[in-house]
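These protein sequence lines are chains A and B, in that order.
Here numbering that gives the first Met the number 0 is used: the first residue of the first sequence is 0, the next is one more, and so on.
Here numbering that gives the first Met the number 0 is used: the first residue of the second sequence is 0, the next is one more, and so on.
Cβ atoms here follow ideal geometry from the backbone N, Cα and C, with glycine treated the same way.
Protein chains: 2
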Amino acid sequence: MVNPIDPTATGFLLAENRNMPMHVGGLQLFEKPEGAGRGYVREMYEQMRDVDEIAPLFLKHPHRSARTAGQLVWRPDEQFDIEHHVRHSALPKPGRIRELLELCSRLHSTRLAWERPLWEATIIEGLRDGRVAMYTKTHHALVDGVSAMRLLASVLSTDPDERDMPAPWAMRPGAPRPAADGASPPSLGDVSAQTVRAALAIASEAAGMPGALVRTLNRSVRNETSALSLYAPRTILNQNITGSRRFAAQDWPIERLRAVGKASGTTINDVVLAMVSGAIRAYLLELDALPDTTLVSMVPVGLKAKESQLASSDGGNAVGSVMVQLGTHLPDPADRLAAIHRSMVDGKQGLSSMTPTQILAMSALGQAPAILGPALRMSGIVRPPYNLIVSNVPGPRTTHYWNGARLVGTYPLSIPINGMALNITCTSYDGKLCFGLTGCRRTVPRLQLMLGHLDAELRALERAAGV
Amino acid sequence: MVNPIDPTATGFLLAENRNMPMHVGGLQLFEKPEGAGRGYVREMYEQMRDVDEIAPLFLKHPHRSARTAGQLVWRPDEQFDIEHHVRHSALPKPGRIRELLELCSRLHSTRLAWERPLWEATIIEGLRDGRVAMYTKTHHALVDGVSAMRLLASVLSTDPDERDMPAPWAMRPGAPRPAADGASPPSLGDVSAQTVRAALAIASEAAGMPGALVRTLNRSVRNETSALSLYAPRTILNQNITGSRRFAAQDWPIERLRAVGKASGTTINDVVLAMVSGAIRAYLLELDALPDTTLVSMVPVGLKAKESQLASSDGGNAVGSVMVQLGTHLPDPADRLAAIHRSMVDGKQGLSSMTPTQILAMSALGQAPAILGPALRMSGIVRPPYNLIVSNVPGPRTTHYWNGARLVGTYPLSIPINGMALNITCTSYDGKLCFGLTGCRRTVPRLQLMLGHLDAELRALERAAGV
Chain A
0 MVNPIDPTAT GFLLAENRNM PMHVGGLQLF EKPEGAGRGY VREMYEQMRD
50 VDEIAPLFLK HPHRSARTAG QLVWRPDEQF DIEHHVRHSA LPKPGRIREL
100 LELCSRLHST RLAWERPLWE ATIIEGLRDG RVAMYTKTHH ALVDGVSAMR
150 LLASVLSTDP DERDMPAPWA MRPGAPRPAA DGASPPSLGD VSAQTVRAAL
200 AIASEAAGMP GALVRTLNRS VRNETSALSL YAPRTILNQN ITGSRRFAAQ
250 DWPIERLRAV GKASGTTIND VVLAMVSGAI RAYLLELDAL PDTTLVSMVP
300 VGLKAKESQL ASSDGGNAVG SVMVQLGTHL PDPADRLAAI HRSMVDGKQG
350 LSSMTPTQIL AMSALGQAPA ILGPALRMSG IVRPPYNLIV SNVPGPRTTH
400 YWNGARLVGT YPLSIPINGM ALNITCTSYD GKLCFGLTGC RRTVPRLQLM
450 LGHLDAELRA LERAAGV
Chain B
0 MVNPIDPTAT GFLLAENRNM PMHVGGLQLF EKPEGAGRGY VREMYEQMRD
50 VDEIAPLFLK HPHRSARTAG QLVWRPDEQF DIEHHVRHSA LPKPGRIREL
100 LELCSRLHST RLAWERPLWE ATIIEGLRDG RVAMYTKTHH ALVDGVSAMR
150 LLASVLSTDP DERDMPAPWA MRPGAPRPAA DGASPPSLGD VSAQTVRAAL
200 AIASEAAGMP GALVRTLNRS VRNETSALSL YAPRTILNQN ITGSRRFAAQ
250 DWPIERLRAV GKASGTTIND VVLAMVSGAI RAYLLELDAL PDTTLVSMVP
300 VGLKAKESQL ASSDGGNAVG SVMVQLGTHL PDPADRLAAI HRSMVDGKQG
350 LSSMTPTQIL AMSALGQAPA ILGPALRMSG IVRPPYNLIV SNVPGPRTTH
400 YWNGARLVGT YPLSIPINGM ALNITCTSYD GKLCFGLTGC RRTVPRLQLM
450 LGHLDAELRA LERAAGV
């Protein structure tokens with residue numbers, strides 16, 4: 000039983016090479032329930048491992064079929080070996096977050112082998128505060144990062160007393176059963192796949208859109224703030240990368256960001272971008288590598304359903320992207336925040352004056368070089384369309400549990416690619432904003448310094464806003 | 000400063016693909032010295048990591064030079080990052096040998112990236128008996144497995160009180176300084192590289208050798224015991240492999256093997272092969288996959304210097320290989336041991352009637368298909384020249400220490416290749432014979448069962464020999 004792999008997923012499989020694994024990851028931190036015994040983590044591992052039936056998404060693997068002239072197809076793994084996919088590991092003493100991030104960096108650096116289903120999960124014990132961590136890795140051909148994290152969250156409960164809860168990869172009796180052909184489940188805000196799909200498939204419709212796009216392009220060429228950036232400076236982030244990764248993660252109370260936003264007339268998302276801007280500025284200054292002109296970030300933005308006539312085929316929300324000038328050349332934190340706010344407002348206005356299909360296509364124009372470049376075996380990018388991607392994805396607002404274990408943090412690990420060595424993805428959860436920074440270990444040295452810079456920048460923004 | 004990579008090493012680099020990493024490994028077990036504190040393993044890790052100067056062998060990485068039309072060259076890593084190479088990890092509870100072997104299996108399954116020097120070492124804590132483990136991984140293009148283990152052993156001392164001992168990758172003040180060009184150190188019994196080198200370079204001399212080789216080939220074609228096997232049956236071990244590995248390891252007192260050998264008029268090496276034969280027989284029987292005819296093992300044998308006029312260029316001993324019929328079709332353990340003894344004696348006689356160069360060339364004929372096949376991108380082997388490789392490499396006879404930590408066991412991890420999914424390498428140390436079994440995790444299912452079979456076979460041989 001084989002099924003052709005759709006062009007988008009094929010693109011992610013073929014774009015992959017040893018320097019550029021195409022998987023997304025998630026790090027989840029749990030607190031053990033009260034009364035958990037010494038063997039709690041092993042029991043949790045065994046619950047995750049001993050699953051009656053695996054959902055089809057987690058059973059299929061890519062295969063080049065000779066029957067179909069080398070076309071990539073999905074095929075169920077007839078020798079499925081759950082112990083290869085669900086793993087149990089531990090941190091060396093002293094078991095700080097530092098050791099956890101180091102382990103996640105290493106786990107995120109290895110590729111998924113095509114002869115098996117394209118996912119792994121590692122239950123991690125040995126944190127000195129007694130918490131339990133889970134690192135998960137899923138190939139982008141299966142599911143995008145946001146969907147992967149939502150899939151993990153979808154098995155959680157708000158009830159701390161609920162037990163007998165399934166693993167994320169278990170077939171769920173109550174849930175709508177995925178198609179037996181192992182097709183992907185409905186995408187939940189599939190940013191990258193969506194935009195690439197747009198670039199590949201909606202090009203014809205988009206080709207006929209002169210109005211807003213030409214206006215936007217014109218403004219962009221005049222280097223005004225715009226949804227499309229043609230003037231991102233070259234930075235150390237925009238080089239070819241190696242296969243090894245560094246991951247850094249931390250969270251801050253959303254309340255602190257909200258207070259800054261309220262006092263300064265900006266949004267929480269603006270404050271997130273200002274934290275990133277200040278942190279990158281400090282980081283590049285230390286390396287004596289700050290460009291004179293502002294760095295540009297690609298920021299995916301959701302389009303509200305009522306604004307968007309384009310229902311994505313699987314019911315997800317349409318997503319566009321705005322190129323935001325981060326103001327990294329400005330020395331004052333308040334000036335950076337104001338510049339980001341302006342850039343974002345202008346960019347969204349540019350977006351809203353177009354039809355949704357035009358928005359998707361335009362977003363794809365910006366993003367396609369970075370995603371498709373490697374697929375076309377381009378090496379290096381002469382002129383980066385933007386310097387990095389910063390995503391901010393809303394998550395659950397309340398406390399969630401898995402079989403009594405309280406989820407206390409959830410941090411995304413994403414995909415650096417050639418020309419885009421750093422990716423920052425944030426997700427909100429239970430009153431926190433959780434940052435996940437994923438970089439090429441060589442191209443982005445000492446990435447963990449960014450955590451201190453992010454914290455310092457939030458404090459600077461608070462001072463500037465007088466909160 | 001770049002240097003061309005020699006053809007043998009280039010072969011190992013080019014033969015590599017994601018299903019067939021070309022690195023060798025070693026697992027060493029240490030007992031902490033008396034009075035070791037809680038932070039002992041971290042201190043040991045830091046001693047291994049904080050090295051003043053790294054030896055050139057461990058600083059060079061392969062690079063395709065545009066200047067030299069894509070030829071592979073060694074180049075020093077200008078951004079050498081010791082933390083990428085020397086790692087600290089831990090076992091989940093309960094910290095049994097089982098958890099250790101599982102971790103080593105995983106570590107051995109990931110490829111070394113070419114953009115960095117081709118080695119890694121992981122200090123592993125969390126064994127419940129308080130011992131400390133070290134897993135090392137070195138690319139075969141740098142050093143063969145035997146040399147890698149000897150290199151590790153070369154930093155050890157017989158003095159439990161010696162301190163301030165260097166890490167294996169440290170530049171040693173007293174040692175002969177390797178050439179500044181980062182060339183490999185003298186090879187110490189480089190079996191595979193030696194035979195491949197023979198196949199590639201000595202072919203012209205070997206082409207003129209009719210006598211012994213033709214006699215050997217004739218006997219082989221008549222399917223008599225011979226140094227060269229043309230009649231190995233197809234088994235599940237002789238399939239294409241995947242990139243994931245399973246590692247199993249255990250040791251037995253050499254005294255037990257010696258007693259069996261003495262009582263049966265055979266050698267310790269014969270008893271090793273008989274243990275392997277009985278274990279593989281039991282393993283294949285369980286899988287209902289035992290061929291009617293005997294499995295054939297390639298067994299590297301050292302040639303004594305006085306028998307060998309061929310001094311290997313770097314002072315190592317010359318090595319030949321014998322194809323040993325393992326007698327896996329015989330139900331009786333004593334019959335299997337007797338058959339192995341005969342096959343080995345005959346094989347060695349075949350070897351000793353040739354000149355050393357002819358021996359090397361003939362050994363290369365047997366081994367070249369397995370090593371060179373993948374390099375030539377052949378997929379699968381129609382008729383395996385032999386079914387598996389069993390090596391037995393002598394090691395130190397006395398107790399050794401590293402900064403007071405007592406080495407209690409040392410187990411080799413080797414390289415399964417397409418058509419040879421299982422490799423068994425033994426090394427002796429301090430009165431023990433340490434077995435390391437490395438298999439493709441998928442092609443050789445439940446490899447750890449072999450450990451029980453090896454133990455049962457040794458007991459059966461003891462009963463048969465009346466010891």
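Close beta carbons around residue i, own chain, < 6 Å, minus the five adjacent residues each side
{"i": "A166 (chain A)", "result": "M47 and V50"}
{"i": "K281 (chain A)", "result": "At residue 281 (chain A) the sequence reads Ala, which differs from the Lys that was named. Hits under 6 Å: H452."}
{"i": "T266 (chain B)", "result": "G260"}
{"i": "L407 (chain B)", "result": "According to the sequence displayed, residue 407 (chain B) carries Val and not Leu. Closer than 6 Å at Cβ, skipping near neighbours: L28 and E30."}
{"i": "A89 (chain A)", "result": "E124 and G125"}
{"i": "I388 (chain B)", "result": "M297 and N422"}
{"i": "P20 (chain B)", "result": "R110"}
{"i": "M274 (chain A)", "result": "L453, E456 and L457"}
Status (buried if at least 16 other CB within 10 Å, exposed otherwise) for residue i
{"i": "P368 (chain A)", "result": "Interpretation of P368 (chain A) is limited by its pLDDT of 44, a score under 50 that renders its predicted location unreliable; the figure taken from the coordinates is listed afterwards. So P368 (chain A) counts as buried."}
{"i": "E456 (chain B)", "result": "buried"}
{"i": "G16 (chain A)", "result": "First, the amino acid is wrong: residue 16 (chain A) is Asn here, not Gly. Label assigned to N16 (chain A): exposed."}
{"i": "R37 (chain B)", "result": "exposed"}
{"i": "E285 (chain A)", "result": "exposed"}
{"i": "G264 (chain A)", "result": "exposed"}
{"i": "T437 (chain A)", "result": "buried"}
{"i": "D250 (chain B)", "result": "buried"}
Own chain residues within Cβ distance below 7 Å of residue i, not counting five before or after
{"i": "Q324 (chain A)", "result": "T224, T293, V295, A338 and S342"}
{"i": "R74 (chain B)", "result": "V1, K59, H60 and H62"}
Residue j beta carbon less than 8 Å from that of residue i
{"i": "H340 (chain A)", "j": "D269 (chain A)", "result": "yes"}
{"i": "S243 (chain B)", "j": "T327 (chain B)", "result": "no"}
{"i": "L412 (chain B)", "j": "V271 (chain B)", "result": "no"}
{"i": "L28 (chain B)", "j": "R127 (chain B)", "result": "no"}
{"i": "P395 (chain A)", "j": "Y428 (chain A)", "result": "yes"}
{"i": "Y134 (chain B)", "j": "L106 (chain B)", "result": "yes"}
{"i": "T424 (chain A)", "j": "G144 (chain A)", "result": "yes"}
{"i": "A420 (chain A)", "j": "T442 (chain A)", "result": "yes"}
{"i": "H84 (chain A)", "j": "A120 (chain A)", "result": "yes"}
{"i": "I4 (chain A)", "j": "L56 (chain A)", "result": "no"}
{"i": "R245 (chain B)", "j": "R95 (chain B)", "result": "no"}
{"i": "P252 (chain B)", "j": "G430 (chain B)", "result": "yes"}
{"i": "G532 (chain A)", "j": "L141 (chain A)", "result": "Past the edges of chain A, shown from 0 to 466, lies residue 532 (chain A), and the structure says nothing about it."}
{"i": "N386 (chain B)", "j": "T234 (chain B)", "result": "yes"}
{"i": "I122 (chain A)", "j": "Y44 (chain A)", "result": "yes"}
Cβ neighbours of residue i in the same chain (closer than 8 Å, five flanking residues each side left out)
{"i": "R221 (chain B)", "result": "Note on R221 (chain B): pLDDT 46, under 50, position unreliable in the model; no value is reported."}
{"i": "P91 (chain A)", "result": "E98 and G125"}
{"i": "R162 (chain A)", "result": "N402 and G403"}
{"i": "A333 (chain B)", "result": "S263, L460, A463 and A464"}
* **beta strand (DSSP E) runs contained entirely in the segment 127-180 of chain B, provided each spans 3 or more residues** => 131-138
* Quick one, which residues of the segment 83-108 of chain B are near chain A if we go by CB-CB under 9 Å, in chain order? -> H83, R86, H87, S88, A89, L90, P91, K92, P93, G94, E98, E101, L102, R105 and S108
* For the segment 10-66 of chain A, which segments carrying the beta strand (DSSP E) assignment without a break, of at least 3 residues, lie completely within its bounds, in sequence order? -> 22-30 and 59-64
* Residues of the segment 28-42 of chain B with a CB closer than 8 Å to any CB of chain A: list them in chain order, please. => R37, G38, V40 and R41
* **Cβ-based contacts, 9 Å cut-off: residues of the segment 425-455 of chain B near chain A** => R440, R441 and P444
* Asked: Going along the chain, which unbroken runs of the beta strand (DSSP E) with 3 or more residues stay wholly within the segment 403-459 of chain B?
  -> 404-412, 421-428 and 431-439
* Identify each residue in the segment 0-18 of chain A for which the Cβ-Cβ distance to at least one residue of chain B is less than 7 Å, and report them in chain order. => R17
* Using a Cβ-Cβ cut-off of less than 7 Å, give me the residues of the segment 229-251 of chain B that come near chain A, in sequence order. => T241, G242 and S243
* For the segment 54-81 of chain A, which residues have a beta carbon sitting closer than 9 Å to at least one beta carbon of chain B? -> Q78 and D80
* **Residues of the segment 113-134 of chain B whose Cβ lies closer than 9 Å to any Cβ of chain A, in chain order** => W113, E114, R115, I122, I123, E124 and G125
* To do: At 4 residues or longer, and completely inside the segment 226-288 of chain B: list those alpha helix (DSSP H) runs for me, N to C.
  => 253-263 and 267-285
* **Uninterrupted beta strand (DSSP E) stretches inside the segment 93-126 of chain A (no shorter than 3 residues)** => 118-124
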